[in-house]
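Chains A and B are the protein sequences, given in the same order.
The first sequence runs 1 to 156 under this note's numbering.
The second sequence runs 1001 to 1347 under this note's numbering.
Single-structure report; data block below.
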Amino acid sequence: MVLSVVALVSALGVVLSKNPVTSVLCLIVTFFTIAGHYIMMNAQFLAVVHIIVYAGAIMVLFLYVLMLMNLNAELEPQKRNWLKYAGAISGGALLVVLVAALRDASMPALSTNATDIGLIKNLGMILFKQYVVPFEVSSILFLSAMIGAVVIGKKE
Amino acid sequence: MTLLSIDWFFIIEKVLLISGVLVLSLVVAMYSTWGERKVAAWIQDRLGPNRAGFMGLLQPLADGGKLFFKEEIIPTNSNRFLFILGPSIAMLVACMTSAVIPWGDSLVIAGRTVSLQIADVNIGILFIFGVVSMGVYGIMIGGWASNNKYSLLASVRAASQIISYELPMGLALIALLMLTGSLSLKDIVEQQRHGLWNVVYQPLGFFIFLVCAFAECNRAPFDLPEAENELNGGYHLEYSSMKLGFFLFAEYINMFISSALISTMYFGGYAFPYMDKLGLDPNMVTILGFLALFVKTLLFIFFFMWVRWTVPRFRYDQLMRLGWKVMIPLALVNMLITGALVLARQH
């Protein structure tokens, strides 16, 4: 409960704060609260990997770029009015679509008794026995993304 | 003693253990500053601190007192909240890792088995990895919030250095995990207790991990973020008083914890040769095991200092080249060989 409140408040902070660095710091707090939720669901591996990958690596790079660019609220270009209207309309349209899609979706209540599926041993067994093909396909996807990044970086 | 369906002995035990480990790491960090100066003096053929107390043993206390009583300056154009947050994160993160290190086997006190490990989670190594990757935030936030270009440069250096050296560190750990088959540090130590130490199986992995530990602790020869002759002091340039002290202290705690971690993973942790054949009381063996771990840790701390006063600092491009073009390929080769050997042994 407390975790969810903190998650929501910090997520709002990401959107509402004027300073980009504060936004990123709020996003890091959000990631931590999400990791907290994973721990509550007894998925320790997922929680730790979430922290290592998102909070530990990706957000550090975000922060790195923002600190180098040194953006300020004053330097930000003023947005035109029609841009604001367009943004509001498209955001509203997305909301309508989402509500329409989720209205009929069945939401099975989460079982409250603890499962051991999130522990690393069970997770590894399932990942490498039942879902080995999707796992390998996603690893190829990552490899291609990496190669693409190197190619773009080398182009100069 | 069960009250309100809470096992109070359990809570008392854990609180005592946590305070014990915390005090231990603080005291070790404090005396590492003294040890560092003595080692430096010894290597450079000087005397080192010898005024405060016998052999200068009161010097850390004098330094700490000085830091506490110094004037606290917060730069006008800095972000006040983040400026204070930086050293706090650095200190907090440094103290968190000790939770999953098994400081010894279990003691039996009044019929109750007390494990000398605060939390035996099944993802022990990953927990440490996650917490270590948080450590960079303290430096980055502190450096950025100071609103000083040298501090900013230092924090940018720190971030890219730590990310670059986390990768080979993780790869070296994967090779170790293939051998042990467990992420729990307790299991890893127990396996070494009944077999050979992991450094015998993983000499290359140990070497890679050691180098990366140097880089992660910002110790020389990887102390680019605090290269005083280029950056005028580094990320803690604008800090004064105890906030500076926290940054410096966090570095020494990190050094202590990584030494303990290296001893645990590669040098048997609290296991020492013939520990099960001495015929002593189990409690006695546990205490001896703790002392063994402590001695191993101190040896590694000495090694950290020895390297600092022997090897000159890298240039930044050399550091990056070493990380990406030497350490990562080496770690990958190590992983491949280990995997092949593990597979061959299974068949």
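Glycine included, each C-beta is placed from N, C-alpha and C at the ideal position.
For chain A, find out if any of its Cβ atoms is closer than 8 Å to the Cβ of I1012 (chain B); answer yes or no.
By one-based count along the second sequence, residue 1012 (chain B) stands at place 12. Answer no: the Cβ-Cβ gap between I1012 (chain B) and chain A never drops below 8 Å.
Contacts of A55 (chain A) in chain B (Cβ-Cβ under 9 Å)
Residue numbering aside, residue 55 (chain A) sits at position 55 when the first sequence is read from its first letter. Those within 9 Å of A55 (chain A) in chain B are G1130, S1133, M1134, Y1137.
Under 8 Å Cβ-Cβ, which residues of chain B neighbour Q44 (chain A)?
Translated into the one-based positions of the first sequence, residue 44 (chain A) becomes position 44. Using a Cβ-Cβ cut-off of 8 Å, Q44 (chain A) is close to V1121, N1122, I1123 of chain B, given in chain order.
N- and C-terminal bounds of the alpha helix (DSSP H) containing V53 (chain A):
The sequence position of residue 53 (chain A) within the first sequence is 53, counting from 1. Neither: V53 (chain A) is in no alpha helix (DSSP H) and is coded neither H nor E.
Just by C-beta distance, which residues in the region 1144–1157 of chain B are closer than 8 Å to chain A?
Hits within the stretch, in order: W1144, L1152, S1155, V1156.
Interface residues of chain A around I1089 (chain B) at Cβ under 7 Å?
Start at 1 with the first residue of the second sequence, and residue 1089 (chain B) comes out as number 89. The premise fails here: I1089 (chain B) is roughly 11 Å from chain A at the closest Cβ pair, so nothing lies under 7 Å.
Are the CB atoms of G1339 (chain B) and V48 (chain A) nearer to each other than 8 Å?
Counting from 1 along the second sequence, the entry for residue 1339 (chain B) is found at position 339. Counting from 1 along the first sequence, the entry for residue 48 (chain A) is found at position 48. In this structure, V48 (chain A) does not lie closer than 8 Å to G1339 (chain B) by Cβ.
Just verifying my parser: in three-state terms, what is the DSSP assignment at R1112 (chain B)?
Position 112 of the second sequence, counted from the start, is the residue given in the question as residue 1112 (chain B). For R1112 (chain B), the three-state secondary structure derived from DSSP is strand.
Check the DSSP bridge columns for S1106 (chain B) and list the partner residues they point to.
Here residue 1106 (chain B) is taken as the residue at index 106 of the second sequence, counted from 1. Answer is B:S1115.
Find the residues of chain A that neighbour I1074 (chain B), judging by a C-beta separation of less than 8 Å, and give them in chain order.
Here residue 1074 (chain B) refers to the residue found at position 74 when the second sequence is read from its first residue. By Cβ distance, chain A contributes nothing, its closest Cβ being about 18 Å from I1074 (chain B), past 8 Å.
I need the DSSP call for D104 (chain A), collapsed to helix, strand or coil.
The residue labelled residue 104 (chain A) in the question sits at position 104 within the first sequence. D104 (chain A) falls in the coil class under three-state DSSP.
Indicate whether at least one CB of chain A lies closer than 8 Å to the CB of A1159 (chain B).
The sequence position of residue 1159 (chain B) within the second sequence is 159, counting from 1. For A1159 (chain B), the answer is yes, since a Cβ of chain A falls inside 8 Å of its Cβ.
Among B:I1139, B:L1179, B:G1142, B:L1204, the one whose alpha carbon lies nearest that of Q1346 (chain B)
Residue numbering aside, residue 1346 (chain B) sits at position 346 when the second sequence is read from its first letter. The residue from B:I1139, B:L1179, B:G1142, B:L1204 with its alpha-carbon nearest to that of Q1346 (chain B) is B:L1179.
Within a Cβ cutoff of 8 Å, which residues of the same chain sit near V1285 (chain B), ignoring the five residues on either side of it in sequence?
The residue you call residue 1285 (chain B) lines up with position 285 of the second sequence. Excluding residues within five positions, the ones whose Cβ falls inside 8 Å are D1105, M1275, D1276, L1278.
Could you work out which residues of chain A lie near F1127 (chain B), taking near to mean beta carbons separated by less than 8 Å?
As a first step, residue 1127 (chain B) must be located in the second sequence, where it is residue number 127. Result: V48.
Helix, strand or coil at D1187 (chain B) [DSSP, three-state]
Indexing the second sequence from 1 puts residue 1187 (chain B) at position 187. Correct three-state label for D1187 (chain B): helix.
At what residues does the alpha helix (DSSP H) containing G1279 (chain B) begin and finish?
Working through the second sequence from its first residue, we reach residue 1279 (chain B) at position 279. Note, G1279 (chain B): premise wrong, no alpha helix (DSSP H); not H, not E.
Taking CB distances under 8 Å as the criterion, tell me whether Y64 (chain A) reaches chain B.
Position 64 of the first sequence, counting from 1, holds the residue named residue 64 (chain A). By this cut-off, Y64 (chain A) is an interface position.
Contact set between M67 (chain A) and chain B, taken where Cβ atoms lie within less than 9 Å:
Within the first sequence, numbered from 1, the residue matching residue 67 (chain A) stands at position 67. M1140, G1143, W1144, L1152, S1155, V1156, A1159, listed in chain order.
Straight-line Cα distance separating G1323 (chain B) from D1317 (chain B)
Reading the second sequence from its first residue, position 317 is the one you call residue 1317 (chain B). Reading the second sequence from its first residue, position 323 is the one you call residue 1323 (chain B). C-alpha separation (whole angstroms): 10 Å.
Candidates B:V1326, B:L1298, B:V1333, B:W1309: closest to L1024 (chain B) by CA position
The residue given as residue 1024 (chain B) occupies position 24 in the second sequence. Out of B:V1326, B:L1298, B:V1333, B:W1309, B:L1298 has the C-alpha closest to the C-alpha of L1024 (chain B).
Measuring CA to CA, which of B:V1311, B:P1312, B:A1331, B:W1306 is closest to A1040 (chain B)?
Residue numbering aside, residue 1040 (chain B) sits at position 40 when the second sequence is read from its first letter. Ranking B:V1311, B:P1312, B:A1331, B:W1306 by Cα distance to A1040 (chain B) puts B:W1306 first.
If contact means a Cβ-Cβ distance below 7 Å, which residues of the region 1207–1231 of chain B contact chain A?
Taking 7 Å as the Cβ-Cβ cut-off against chain A, none of the residues of the region 1207–1231 of chain B qualify.
Between the region 1095–1102 of chain B and the region 1121–1128 of chain B, do at least 3 Cβ pairs fall closer than 8 Å?
Touching, yes, given that three or more Cβ pairs across the two stretches are closer than 8 Å.
Report back the beta-carbon spacing between V1200 (chain B) and Y1270 (chain B) to the nearest angstrom; my notes put them in contact at under 8 Å.
Along the second sequence, read from residue 1 onward, the residue named residue 1200 (chain B) stands at position 200. Along the second sequence, read from residue 1 onward, the residue named residue 1270 (chain B) stands at position 270. Contact doesn't hold; Cβ gap of about 18 Å is too wide.
Output the boundary residues of the alpha helix (DSSP H) element that contains P1273 (chain B).
The count along the second sequence starts at 1 and reaches residue 1273 (chain B) at position 273. Counting along the chain, P1273 (chain B) falls outside any alpha helix (DSSP H), and DSSP gives it neither H nor E.
Can you give me, in chain order, the residues of the region 1165–1199 of chain B that have a beta carbon less than 8 Å from any beta carbon in chain A?
Within the region 1165–1199 of chain B, the qualifying residues are E1166, L1183.
Are the Cβ atoms of V1136 (chain B) and I1118 (chain B) separated by less than 8 Å?
Within the second sequence, residue 1136 (chain B) is the residue found at index 136, counting from 1. Within the second sequence, residue 1118 (chain B) is the residue found at index 118, counting from 1. No; because the gap between Cβ atoms is not below 8 Å, this pair is not in contact.
Is D1098 (chain B) helix, strand or coil by DSSP?
Walking along the second sequence from the start, residue 1098 (chain B) turns up at place 98. In the sequence on display, residue 1098 (chain B) carries Ser and not Asp. When secondary structure is reduced to three states using DSSP, S1098 (chain B) falls in the helix class.
Output the distance between the C-alpha atoms of A1159 (chain B) and A145 (chain A), rounded to the nearest integer angstrom.
Along the second sequence, read from residue 1 onward, the residue named residue 1159 (chain B) stands at position 159. Along the first sequence, read from residue 1 onward, the residue named residue 145 (chain A) stands at position 145. A1159 (chain B) and A145 (chain A) have their C-alpha atoms spaced approximately 23 Å apart.
Members of the region 7–41 of chain A near chain B, C-beta cut-off 8 Å
Under the 8 Å Cβ criterion, the region 7–41 of chain A contributes V21, L25, I28.
According to DSSP, is E1226 (chain B) helix, strand or coil?
In the second sequence, residue 1226 (chain B) corresponds to position 226, counting from 1. Look at E1226 (chain B) here: in three-state DSSP terms it is helix.
8 Å Cβ cut-off: residues of chain B touching L119 (chain A)
Reading the first sequence from its first residue, position 119 is the one you call residue 119 (chain A). At a C-beta separation below 8 Å, L119 (chain A) has these neighbours in chain B: N1122.
For L12 (chain A), which three-state DSSP category applies?
Here residue 12 (chain A) corresponds to residue number 12 of the first sequence, with the count starting at 1. Helix, per DSSP.
Chain-ordered chain A contacts of I1163 (chain B) [CB-CB under 7 Å]
Mapped onto the second sequence, residue 1163 (chain B) falls at position 163. In chain order: A57, V60.
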